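Protein chains: 4
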Amino acid sequence: MSDFAPANPEFARQVRDMFARQPFMVFIGAELSAVEPGRAEIRLPYRSDLTQHNGYFHGGIIGTLADNAGGSAAYSLLPADKGALTVEFKVNIIAPGQGQWLVARGEVVRSGRTLVVSRSNVFAVKDGNEKHCATCLMTLAVVTMPAAA
Amino acid sequence: MSDFAPANPEFARQVRDMFARQPFMVFIGAELSAVEPGRAEIRLPYRSDLTQHNGYFHGGIIGTLADNAGGSAAYSLLPADKGALTVEFKVNIIAPGQGQWLVARGEVVRSGRTLVVSRSNVFAVKDGNEKHCATCLMTLAVVTMPAAA
Amino acid sequence: MSDFAPANPEFARQVRDMFARQPFMVFIGAELSAVEPGRAEIRLPYRSDLTQHNGYFHGGIIGTLADNAGGSAAYSLLPADKGALTVEFKVNIIAPGQGQWLVARGEVVRSGRTLVVSRSNVFAVKDGNEKHCATCLMTLAVVTMPAAA
Amino acid sequence: MSDFAPANPEFARQVRDMFARQPFMVFIGAELSAVEPGRAEIRLPYRSDLTQHNGYFHGGIIGTLADNAGGSAAYSLLPADKGALTVEFKVNIIAPGQGQWLVARGEVVRSGRTLVVSRSNVFAVKDGNEKHCATCLMTLAVVTMPAAA
């Protein structure tokens, strides 16, 4: 789970470009805060628009970040003409998403030719302290991207 | 999976009230379109803000609806002083979310004293035709709600 | 989830042959009791060897049947030179496996060119009454089988 | 995920006793090879009875070990009068189970009052080399054990 070699030396730009082209991630205010080969981190500042009935980050937001962090980690290892589509993701919510930030960290477990398995963890950051609020295990399919995409 | 008895005769209002108190669901424009004992349906009109890089509904949105439809179905069976928190959810994305609407339908598989298992399916509606785009299996915990909630 | 066309007219024999070639299924005494296009049923009589600490069917056995029923359902739709490998499966245990038999019924949710999504349900049969004890959602990869296999 | 305090100082004996009382684990020849607070390891030697069509360990066996390793890890933290029942488990198979042994290592991610989240990894050991063949994320319910159990 530690030493992966990216197929594209421009892997970080590749992941950042893809992230920036997702209107929903821009809409909620998420930013890709770190990319390494086989790893990615997403940060999201608190907004009341993103909450559930109790004022904490909504579970759908937590799932969105978990999925995207694992997917971005997978994408960091792929050649320039490939993409990673989520086949399925499974998220355990283990604590409320309470804080000024959410941070999601994804990492590749296994990178295959046609399928990638990633996992990710989401933390709520309150007054500088990270609390583990969700853990995710997911599968992605490697697909050929349209030339114009 | 068919005939559940709601503990609260006002179950439909109970679910609608909870849904309305989730700012994130209002933010994305989702509406609770149907509630029956052990079942719930959510509809979401297309907006470009909710898309991924290819202009289709974002996977995080699909997961959010899947989770919420299954959770609303679970909540429809609970007494007035209880709530249902997502323990975990697992979503398979089986087709792109391409269309003018998403519709998510959740139903309870088993309603226990402390845990509820629900499943849900999400469909993309394009020109009046529903296409199955995701299926979800999830677990919820029954919790006592704060009196003021 | 209802009308699938098998690629191989000998689909039932195809699935039965594959089932019979799995020593572990023979070892536990499981039998493939029905095959239709996109559906399969497995039955397993009770033996104390297959139990957990309380004398009920072991969770590992329930998971094995759930996986195999969904996989057999997927395999029923594939051409003769293809096979279906489990990518991942997710099982919710909703009641103890208590009875004289377990019956697992799998069905295909979506059959794609490279991936198949199946679901399955496991029932414990006690004195002729079926009790729902597990539900499963899973992903399989379509692979080309070795000619000699 | 590292420093858990067991509620029972006899936690290792507690886990070993429970493991030994599961006939199915004895039947397949599995042994509990290590227990620490919040962690457990299970080993299983190869037998042709435990294989699938290609002679490798059957996916149902891999799932059984993954489930049991995560469950044993959870149980190691519980007081003497409590038990841990699997609510659900999700397993990704990432490589064939090919080797002379399987080793499954489970660890607790979060230990709550009523629910525990564990994860586990299964490795196939061939000629002394471990190959990662599955990863699992699961939820358990804490239950009060019958006095006589």
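Residue numbers (the working numbering), protein chains in the order written: chain A, 1 to 149; chain B, 1 to 149; chain C, 1 to 149; chain D, 1 to 149.
For each residue, glycine too, the CB sits at the ideal point set by N, CA and C.
Source: prediction; values computed, not measured.
Residues in its own chain within less than 7 Å of residue i by CB, not counting five upstream and five downstream?
i                         : result
glutamate 88 of chain B   : Met138 and Thr139
methionine 1 of chain D   : Here the model assigns methionine 1 of chain D a pLDDT of 45, short of 50, so the residue's position is not dependable, and the following value carries that caveat. Glu107 and Val109.
glutamine 52 of chain C   : His58 and Gly59
arginine 13 of chain D    : none
aspartate 3 of chain C    : none
methionine 125 of chain D : The amino acid at residue 125 of chain D is misidentified as methionine; the sequence shows valine. For valine 125 of chain D, where only same-chain residues beyond five positions count, the Cβ hits under 7 Å are Gly99, Gln100, Trp101 and Val103.
Among the residues of its own chain, which have a CB less than 6 Å from the CB of residue i, if the five just before and after it don't count?
i                         : result
asparagine 129 of chain A : none
Looking at residue i: is its Cβ nearer than 7 Å to the Cβ of residue j?
i                           : j                           : result
serine 33 of chain B        : alanine 74 of chain B       : no
arginine 113 of chain A     : isoleucine 94 of chain D    : no
glycine 29 of chain B       : proline 45 of chain B       : yes
phenylalanine 11 of chain A : leucine 50 of chain B       : no
serine 120 of chain B       : alanine 104 of chain B      : yes
glycine 97 of chain D       : phenylalanine 57 of chain D : yes
threonine 86 of chain B     : glycine 59 of chain A       : yes
valine 122 of chain A       : alanine 80 of chain A       : no
alanine 134 of chain B      : isoleucine 62 of chain B    : yes
Nearest to residue i by alpha carbon, out of the options?
i                        : options                                 : result
threonine 64 of chain A  : A:Gly55, A:Asp81, A:Ala80 and A:Asn92   : A:Asn92
arginine 47 of chain B   : A:Gln22, A:Ala69, A:Asn68 and A:Asp67   : A:Gln22
aspartate 17 of chain D  : D:Phe123, D:Gly83 and D:Gly97           : D:Gly83
proline 37 of chain D    : D:Ala5, D:His53 and D:Gly60             : D:Ala5
histidine 132 of chain C : C:Gly99, C:Val116, C:Met145 and C:Lys90 : C:Gly99
leucine 102 of chain C   : C:Asp127, C:Val143, C:Pro79 and C:Asp3  : C:Asp127
proline 146 of chain C   : D:Asn54, D:Ala7, D:Arg43 and D:Leu115   : D:Asn54
alanine 7 of chain D     : D:Gln52, D:Asn68, D:Lys90 and D:Leu78   : D:Leu78
lysine 90 of chain D     : C:Gly70, C:Cys136 and C:Ala124          : C:Cys136
Leaving out the 5 sequence neighbours to the left and right, which residues in its chain are closer than 8 Å to residue i when beta-carbon positions are compared?
i                      : result
valine 15 of chain D   : Leu32, Val35, Ala40, Ser72, Tyr75 and Ser76
valine 26 of chain A   : Ala20
valine 143 of chain B  : Lys82, Gly83, Ala84 and Leu85
leucine 115 of chain D : Val87, Thr139, Leu140, Ala141 and Val142
Task: Contact set between the segment 69–85 of chain A and chain C, restricted to residues whose Cβ is under 9 Å from the partner - done: Taking 9 Å as the Cβ-Cβ cut-off against chain C, none of the residues of the segment 69–85 of chain A qualify.
Task: Where the segment 92–117 of chain D meets chain A: residues whose CB sits under 9 Å from a CB there - done: For the segment 92–117 of chain D, the set of positions with a beta-carbon nearer than 9 Å to some beta-carbon of chain A reads Asn92, Ile94, Ala95, Val109, Arg110, Gly112, Leu115 and Val117 in chain order.
Open item on the list: What ranges does the alpha helix (DSSP H) occupy inside the segment 57–130 of chain B, keeping only unbroken runs of at least 4 residues that lie completely in it?
Closed with: Every alpha helix (DSSP H) stretch that sits fully inside the segment 57–130 of chain B and reaches 4 residues is listed by chain position as 59–75.
- [ ] Could you pull out every unbroken alpha helix (DSSP H) segment of at least 4 residues lying fully inside the segment 1–37 of chain D, listed in chain order?
- [x] As far as the segment 1–37 of chain D is concerned, its whole alpha helix (DSSP H) runs of at least 4 residues are 11–20 and 23–28.
Task: Positions along the segment 15–38 of chain B whose CB lies within less than 7 Å of some CB in chain A - done: Across the segment 15–38 of chain B, CB contacts with chain A closer than 7 Å involve Met18, Arg21, Gln22, Pro23, Phe24 and Phe27, in sequence order along the chain.
Open item on the list: Beta carbons nearer than 8 Å to chain B: which residues of the segment 120–135 of chain A have them?
Closed with: The segment 120–135 of chain A vs chain B, Cβ under 8 Å: nothing.
Open item on the list: Give me the subset of the segment 34–64 of chain A whose CB atoms are less than 8 Å from a CB atom of chain B, sorted by chain position.
Closed with: Listed by position, the residues of the segment 34–64 of chain A near chain B (Cβ gap below 8 Å) are Ser48, Asp49, Leu50, Thr51, Gln52, His53, Asn54, His58, Gly59, Gly60, Ile61, Gly63 and Thr64.
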